[in-house]
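**Student:**
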Amino acid sequence: MGPRQGGLPLTRGQLGIWLDLQINGAGPRWNIANFVVIDGPIIPHILETAIQQALQESDSLRAVFFEKDGEVLQHIDPGDDVEMPFYDLRSYGDPVLEAYRRALLSRNQPMALDERLHRYALYRVGTDKFYFYSCFHHLVSDGFGLMVHCNRIAMIYSALVADAPVPPSFVGSLQDLIALETTYESSPDYDSDHNY
Numbered sequence: 001m002g003p004r005q006g007g008l009p010l011t012r013g014q015l016g017i018w019l020d021l022q023i024n025g026a027g028p029r030w031n032i033a034n035f036v037v038i039d040g041p042i043i044p045h046i047l048e049t050a051i052q053q054a055l056q057e058s059d060s061l062r063a064v065f066f067e068k069d070g071e072v073l074q075h076i077d078p079g080d081d082v083e084m085p086f087y088d089l090r091s092y093g094d095p096v097l098e099a100y101r102r103a104l105l106s107r108n109q110p111m112a113l114d115e116r117l118h119r120y121a122l123y124r125v126g127t128d129k130f131y132f133y134s135c136f137h138h139l140v141s142d143g144f145g146l147m148v149h150c151n152r153i154a155m156i157y158s159a160l161v162a163d164a165p166v167p168p169s170f171v172g173s174l175q176d177l178i179a180l181e182t183t184y185e186s187s188p189d190y191d192s193d194h195n196y
């Protein structure tokens with residue numbers, strides 16, 4: 001789906017976040033971030049390739065948002081290129097503290113909802129020790145989804161460095177998720193759950 005063409009409705013959870021943003025204004029409060037500590041050598045450009053593939057497999061992580069005729073919609077950004085800056089922090093007195101400082105600065109930067117809602121960085125804090133940082137807006141992922149995404153990146157990376165086949169993806173599409181939610185909301189189960 002191309003930019004601003006058509007569009008998909010928001011899920012109930014996304015709509016709640018969107019409404020909060022409209023009432024309380026934009027800011028970093030809906031940004032979620034994490035570090036994955038990597039003990040051992042890492043090849044940054046292969047990690048970047050793994051991130052790119054994991055994003056291509058999970059279209060919901062590439063959603064961007066826009067308004068059309070008073071309705072908020074989302075479309076899937078092609079996500080053809082990923083930026084993962086690499087920082088060698090070994091010259092700092094406390095490289096880990098510096099990694100946390102930079103990650104916090106990134107996490108506290110608001111994200112424009114009509115642009116990509118994810119950020120990555122790789123921090124080298126020791127000879128063979130790295131901190132892999134990822135940050136998403138809660139409109140496209142929750143904390144569990146962020147960990148699933150990081151695990152998928154690790155699976156792809158491991159396969160690429162071993163020159164082995166990448167295991168099949170297990171993530172469904174955003175359209176499938178919206179269809180499931182719509183079906184549930186029009187079912188007797190929804191009414192029963194709502195009344196409970």
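Position 28 (the sequence shown) corresponds to 28 in full-length UniProt numbering; numbering is contiguous.
Backbone N, C-alpha and C fix where the C-beta goes; we use that ideal spot for every residue, glycine too.
So the alpha helix (DSSP H) S134 belongs to, where does it begin and stop?
**Tutor:** No alpha helix (DSSP H) holds S134; the beta strand (DSSP E) holding it covers 129-137.
**Student:** Nearest-angstrom Cα distance between F136 and A103?
**Tutor:** Going by the C-alpha atoms only, they are around 12 Å apart.
**Student:** So, are the CB atoms of S169 and E57 less than 7 Å apart?
**Tutor:** Yes; because the gap between Cβ atoms is below 7 Å, this pair is in contact.
**Student:** The beta strand (DSSP E) that contains R124, what's its start and end?
**Tutor:** Element bounds for R124: 118-126.
**Student:** Out of P28, K129, Q22, point me to the one whose CA is closest to I38's CA.
**Tutor:** Per the Cα distances, K129.
**Student:** According to DSSP, which residues form a beta bridge with V37?
**Tutor:** V37 is bridged to Y131.
**Student:** For the alpha helix (DSSP H) holding S153, just list the boundary residues, first then last.
**Tutor:** A small correction: the amino acid at residue 153 is Ile; Ser does not occupy that position in the sequence shown. It spans 143-161 - the alpha helix (DSSP H) in which I153 sits, taken as one unbroken run.
**Student:** For the putative contact between H149 and W30, defined by C-beta atoms under 8 Å, what is the C-beta separation to the nearest angstrom?
**Tutor:** So it is not a contact: roughly 17 Å between Cβ atoms.
**Student:** Per DSSP, which residues does A63 bridge with? Please list them.
**Tutor:** Answer is I76, bridged to A63.
**Student:** Nearest-angstrom Cα distance between V161 and V140?
**Tutor:** One C-alpha to the other measures close to 29 Å.
**Student:** By Cβ distance below 6 Å, which residues in the same chain neighbour L19 in space, the five residues on each side in sequence not counted?
**Tutor:** Result list for L19: empty, nothing under 6 Å.
**Student:** Go ahead and pull the three-state DSSP assignment for I46.
**Tutor:** Of the three classes helix, strand and coil, the one that applies to I46 here is helix, per DSSP.
**Student:** Within its chain, find whatever has a CB closer than 7 Å to the CB of G143; leave out the 5 residues flanking it on each side and keep chain order.
**Tutor:** Answer for G143: I32, listed in chain order.
**Student:** Could you spell out where the beta strand (DSSP E) holding Y87 opens and where it closes?
**Tutor:** Here the beta strand (DSSP E) through Y87 covers 86-88.
**Student:** Within 10 Å of its beta-carbon, does Q22 have 16 or more other beta-carbons around it, so buried, or fewer, so exposed?
**Tutor:** Exposed.
**Student:** State the DSSP-derived secondary structure class of N31, mapped to helix, strand or coil.
**Tutor:** Of the three classes helix, strand and coil, the one that applies to N31 here is strand, per DSSP.
**Student:** Using CA coordinates, which residue listed in E67, P78, V82 is at the minimum distance from H45?
**Tutor:** Comparing Cα-Cα distances from H45 to each of E67, P78, V82, the minimum goes to V82.
**Student:** Going by the CB atoms, is the gap between F86 and L122 shorter than 7 Å?
**Tutor:** It is a contact, given that the beta carbons lie within the stated cut-off.
**Student:** Which same chain residues, not among the five before or five after P95, have their C-beta less than 6 Å away from its C-beta?
**Tutor:** Only L89, V125 meet the Cβ criterion.
**Student:** The alpha helix (DSSP H) that contains L109, what's its start and end?
**Tutor:** One point to set straight first is that residue 109 is Gln, not Leu, in the sequence displayed. Where Q109 is concerned, there is no enclosing alpha helix (DSSP H), given that its DSSP letter is neither H nor E.
**Student:** I'd like to check one pair, R62 with I76: are the Cβ atoms closer than 7 Å?
**Tutor:** Going by C-beta atoms, I76 is nearer than 7 Å to R62.
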